[in-house]
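In the working numbering, the protein residues as written are 3 to 263.
The next block holds one structure in the form of structure tokens; read it before the comments.
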């Protein structure tokens, strides 16, 4: 059984500040260790339940956050943050499920930890007039390939967001958001156990999860905060000075056109 894992840093146990989340910041190395605790716990849980092959995609900043020598031996990792959508990052129909470790809420979420959608320049992303964040976008891209989202860990706001659109999956709330830069945090010994147990349960229930699919026709719209941030891509429809849009039958193909570089 193959599991694809996307990991980010903002939704990791104990991470609440730019002093931790930004590469080179004073507490960044501490945050990397917390990332490895959450990530390896998810891998261990999946392995205990029968996963035989696990591929991890490091989503945060430059894709160099994983401490490779500490990575669980049952996993491999894509490092370097290639600017490509998941199918070109190794995700395909042969995977049984998608896991997300350390995800954050979408741009504009009140009191979410580091709320944003891919870049700080983006104000909002809509699919067929539904506002979505990274959790929903990546789940839908995987869903187009027939791969269901099975497990998500993150702060309370990201879990609420995911549950409202994706329904019942296996969730772990590692911290209760207070503001964009503060939270009530559980210690890593506790979250490690929670993540391992929920990841194990997700693999055991793998056949219960259905892919999150967007029925065509699909309208993908991205609104930027400033006109100068709007990219100049070919074959795009520009709705106004801040907003671009594309329409089609494949979200994967639309995201190739509009994804921030």
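We put the beta carbon where it would ideally sit given N, CA and C, even for glycine.
All figures in this text were calculated on a predicted structure; none of them were measured in a lab.
In the DSSP assignment, find the unbroken beta strand (DSSP E) run with residue 165 in it and report its ends.
No beta strand (DSSP E) contains residue 165, which is instead part of the alpha helix (DSSP H) from 158-168.
Please list the terminal residues of the continuous alpha helix (DSSP H) segment that includes residue 145.
136-146
Assuming residue 115 and residue 18 are in contact, meaning their beta carbons sit under 8 Å apart, how far apart are those beta carbons, in whole angstroms?
6 Å
Compute the beta-carbon to beta-carbon distance between residue 65 and residue 82, rounded to the nearest angstrom, for a pair I have assumed lies under 8 Å.
Contact flag correct, Cβ pair sits at about 5 Å.
What are the boundary residues of the beta strand (DSSP E) that includes residue 124?
124-129
Cut-off 8 Å between Cβ atoms - residues of its own chain near residue 249, not counting five sequence neighbours on either side:
219, 220, 221, 222, 239, 256
With 16 other Cβ atoms within 10 Å as the buried cut-off, status of residue 100
buried
Would you list the residues sitting across from residue 6 in a DSSP beta bridge?
Residue 6 pairs with 57, 100.
Please report the straight-line C-alpha distance between residue 80 and residue 150, rounded to a whole angstrom.
Each residue's alpha carbon lies about 20 Å from the other.
Reducing DSSP to helix, strand and coil, say where residue 252 ends up.
Coil, per DSSP.
How many angstroms separate the CA atom of residue 70 from the CA atom of residue 234?
37 Å
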